[in-house]
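Notes follow once the structure below has been shown.
In our numbering, the protein residues as written are 14 to 115.
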């Protein structure tokens with residue numbers, strides 16, 4: 014049953030090109046769970062995480078997702094702390110991680 018559920022999730026999420034999770038007030042733990050779903054979203058080009066409360070671990074979780082087509086990831090108004098900003102800077106140094114950050 015779990016295998017079937019995963020195949021259905023991959024089929025549904027695999028074609029999604031835009032994801033918006035604005036003002037969800039998600040934490041680093043939520044970002045880690047989101048990454049599992051993002052890894053199934055291979056066609057995603059735009060990810061909007063406006064208004065969430067990610068720290069460095071959350072930023073790393075999102076940035077480490079398998080999103081080969083992503084063009085833009087938005088963390089606007091996310092209230093990122095210093096550690097999260099440093100994590101973003103580290104990922105931006107590797108242009109394969111986040112091609113465009115808003």
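Positions of the beta carbon are idealized from the N, C-alpha and C atoms, including for glycine.
Alpha-carbon spacing of residue i relative to residue j, whole angstroms
{"i": "residue 23", "j": "residue 56", "result": "11 Å"}
{"i": "residue 16", "j": "residue 48", "result": "19 Å"}
{"i": "residue 37", "j": "residue 90", "result": "12 Å"}
{"i": "residue 102", "j": "residue 20", "result": "35 Å"}
{"i": "residue 87", "j": "residue 14", "result": "35 Å"}
{"i": "residue 73", "j": "residue 97", "result": "8 Å"}
{"i": "residue 84", "j": "residue 54", "result": "13 Å"}
Span of the alpha helix (DSSP H) around residue i
{"i": "residue 21", "result": "15-26"}
{"i": "residue 98", "result": "95-106"}
Residue from the options whose Cα sits closest to the Cα of residue i
{"i": "residue 99", "options": "44, 31, 63 and 76", "result": "76"}
Enclosing beta strand (DSSP E) for residue i [first to last residue]
{"i": "residue 85", "result": "85-87"}
* Asked: Which runs of the beta strand (DSSP E) spanning at least 3 residues fall entirely within the region 29-70, listed in chain order?
  -> 31-33 and 59-61
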